[in-house]
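Mind the numbering: the sequence shown is residues 244 to 480 in the working numbering, read in order. We put the CB at the ideal spot given by N, CA and C, even for glycine. To start, the structure under review is shown below, and the notes come after it.
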Amino acid sequence: MASDASKLPCHIAVIMDGNGRWARERGLPRTEGHRAGAESIRGIVEECNRLGVRYLTLYAFSAENWRRPQNEIHALMALLEFFLKQETPDLVRNGVRLQAIGRLHDLPEACQRQLHASIEATAGGSGLTLILALSYGGREEIVDGVKSLFRHIQEGHVDIAMLDPELFSKHLYTRYYPDPDLMIRTSGEMRLSNFLLWQLSYTEMVITRKFWPDFRKDDLHAALEEFASRKRRYGGL
Ligand code: FPP
């Protein structure tokens, strides 16, 4: 396990992939894979909080996921609502602060209501900040950022000559959080899949072959060890 606290990532981002394949291997419906995936979330949130990780961003529903069959979308939204309702008391008890990024207005109203209630209930948490990426797409975020920047320019708040990456990042959904130090993707796929395209520029990546519903504390520790062994040079020497 990564014992050197200075090598503990401040922000971990996760592409939780493989729920469907996990279910198929067991002859179960895909929705059972998502249900098991939600269980994995509980364990990893608990462990990140215990270790002192400050931010954990989970890719819970992508902008592209709206193209899935209606029954799967419906099941995922129902699971999200149920999960938030069920987990909020524990999040409060453990000092975990919930946040969300993405085009949240695309979510069904009942989900939005529960999400905002959970965000409000956990607002005082001083431990881990858990950020759910919902109806999230990296390209969409950059486009929304450009629109926001443009409005600020029109209103005279920003001088275009002052524009640099730091200023632009203040117009992204993630403006309140540092960039991820470590990105974990499960199920062996070597893709970014439109996740945090701007923010992952210098992030260390760890890909594991395990499906997300099988991802446990030990797998998190293995990823943290791998992270601790990396030398980050940010393009320098
Ligand atoms: C990818 O599996 C997983 C997702 C669609 C997003 C993650 C969703 C969960 C972990 C479900 C619970 C989430 C919350 C917040 C309650 P996949 O279906 O793409 O798997 P496959 O690639 O094997 O088909």
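At a cut-off of 8 Å, the beta-carbon of Ser-378 does not count as near the ligand FPP: no heavy atom of the ligand is closer than that. Taken in chain order, the unbroken stretches of alpha helix (DSSP H) that lie wholly in the segment 301-344 and span 4 residues or more are 313-336. When C-alpha distances from Glu-324 are compared across Leu-480, Asp-422, Leu-350, Leu-406, the shortest belongs to Leu-350. In this structure, Ile-344 is the residue among Leu-425, Leu-373, Ile-344, Ala-360 with its C-alpha nearest to the C-alpha of Ile-385.
Remark: the C-beta of Leu-463 is outside contact range of the ligand FPP, defined as less than 8 Å to any heavy atom.
Bounds of any beta strand (DSSP E) do not take in Thr-365, whose DSSP letter is neither H nor E.
Secondary-structure assignment with DSSP links Arg-428 through a beta bridge to Ile-258, Ile-450. Between the alpha carbons of Pro-312 and Leu-319 lies a distance of about 11 Å. According to the DSSP assignment, Thr-274 belongs to the alpha helix (DSSP H) that extends over 273-294. Three or more beta-carbon pairs separated by less than 8 Å are not found between the segment 355-364 and the segment 280-297, which leaves the two stretches without contact. Taken through DSSP and simplified to helix, strand or coil, Leu-435 comes out as coil. The segment 450-467 makes no contact with the segment 417-424; the number of CB pairs closer than 8 Å stays below 3. Contact check between the segment 267-276 and the segment 466-477: fewer than three CB pairs, one atom from each, fall below 8 Å, which does not count as touching.
Of all alpha-carbon atoms in Arg-382, Arg-336, Glu-383, the one lying nearest the alpha-carbon of Thr-365 is that of Arg-336.
Of the residues Phe-438, Asp-424, Leu-443, Gln-442, the one whose Cα lies closest to the Cα of Ala-466 is Asp-424.
Between Gly-261 and Ser-436, the gap from beta carbon to beta carbon reaches 9 Å or more. DSSP places Ser-378 in the strand class (E or B) of the three-state scheme.
Shown here, Leu-440 sits in coil according to DSSP, grouped into three states, outside any helix or strand.
Setting aside the 5 residues that flank it on each side, Met-259 is surrounded in the same chain by Gly-280, Ser-283, Ile-284, Leu-301, Tyr-302, Ala-303, Thr-429, Trp-455, Phe-458, each with a C-beta closer than 8 Å to its C-beta; the list follows chain order.
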